[in-house]
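Let me begin by presenting the structure, written as structure tokens, before commenting on it.
Residue numbers (my numbering): -19 to 228.
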């Protein structure tokens, strides 16, 4: 099920964490994966891992917050079947103590970066009348948080809104656009959030009704389904991957 044979996919933020899990899973399912990351060495490492397992992958360094970089990258890669906008950064700070510089940087990467990648790949997908896009938001892109992540929550709410708008704009053009909204996942970013909040990952796990944090593979499996033909009637949807957090 959920095969991606002969598909060409781009995964931003693919050098680690959730992005790495998505890239390696896509390659296992037959896709040729373009692994994009700000950290060129991290991207190259994932490509090497995929090729060692017999998969197809190419690596690219790109700052998704820079229009010129994204435009050049997407033009170089050319037409694709799947785009996963996973690149993102975290920030801890309340609405009244976040600096303008920090707010702008979080929005530039997490929201503008998603928009830029969609902007240039949608043009290609529209020409071929097909394509699947999945954007990575967050559970705090759907609900608020009192834990001091105001700019992060704002950026992820923006991703959800961008996804819905793009889905409706392209619904009759053979292009599906969806968003996943994970809660706390066992990644370096998740551990960083826990450290900033001065709690352990085990304690973080208790805020989820299932009693634990999620894994990158659990997010990757959901993204795979949304990108596959098995989800052909799904667009504009926000898929919660949150261990029941937002059901409370």
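Ideal placement from N, C-alpha and C gives every residue a C-beta, glycine not left out.
| What are the complete alpha helix (DSSP H) segments, minimum 4 residues, inside the segment 90 to 173? | 93 to 108, 130 to 149
| query | Would you call the CB atoms of residue 185 and residue 221 closer than 8 Å? | reply | no
| For residue 4, the residue or residues it bridges with in DSSP | Residue 4 is not bridged to any residue.
| query | Taking the C-alpha atoms as reference points, what is the distance between residue 164 and residue 68? | reply | 14 Å
| Same chain only: Cβ atoms within 7 Å of residue 92, ignoring 5 sequence neighbours per side | The residues 45, in chain order, have a CB closer than 7 Å to that of residue 92 in the same chain once the five nearest residues on each side in sequence are set aside.
| message | Let's see if you can read the secondary structure: which residues bound the alpha helix (DSSP H) around residue 207? | response | 196 to 207
| field | Limits of the unbroken beta strand (DSSP E) element including residue -12 | value | -12 to -8
| query | Any idea what DSSP makes of residue 87, helix, strand or coil? | reply | helix
| request: May I ask you to verify whether the segment 27 to 44 touches the segment -5 to 14, counting CB pairs closer than 8 Å and requiring at least 3? | output: yes
| request: Please list, in chain order, all residues of the same chain as residue 1 whose beta carbon is under 6 Å from its beta carbon, the five residues on each side excluded. | output: 196, 197, 200
| In three-state DSSP terms, what is residue 24? | helix
| residue -13 burial status per 10 Å Cβ neighbour count (16 or more: buried) | buried
| request: May I ask you to report which of helix, strand or coil DSSP gives residue 176? | output: helix
| said: Which complete alpha helix (DSSP H) runs does the segment 36 to 71 hold, if anything under 4 residues is left out? | reply: Annotation: the segment 36 to 71 contains the following complete segments of the alpha helix (DSSP H) (minimum length 4 residues), in chain order: 47 to 57.
| message | Need the endpoints of the alpha helix (DSSP H) that residue -19 sits in, please. | response | Careful: residue -19 lies outside any alpha helix (DSSP H) and carries neither H nor E.
| message | On the CB-based measure, 16 or more other CB atoms within 10 Å of its CB, does residue 143 come out buried or exposed? | response | That one is buried.
| request: Answer yes or no: do residue 160 and residue 203 have a C-beta to C-beta separation smaller than 8 Å? | output: yes
| To the nearest angstrom, how far is it from the Cα of residue 40 to the Cα of residue 167? | 22 Å
| request: Using the Cα positions of residue 155 and residue 178, report the straight-line distance between them to the nearest angstrom. | output: 42 Å
| task | Express the C-alpha separation of residue 17 and residue 47 in angstroms, rounding to a whole number. | result | CA-to-CA, the gap between residue 47 and residue 17 works out to about 15 Å.
| According to DSSP, is residue 226 helix, strand or coil? | helix
| query | Nearest-angstrom Cα distance between residue 300 and residue 78? | reply | The question about residue 300 has no answer here: the residues shown for the chain are numbered -19 through 228.
| Where residue 76 sits in the DSSP three-state scheme | coil
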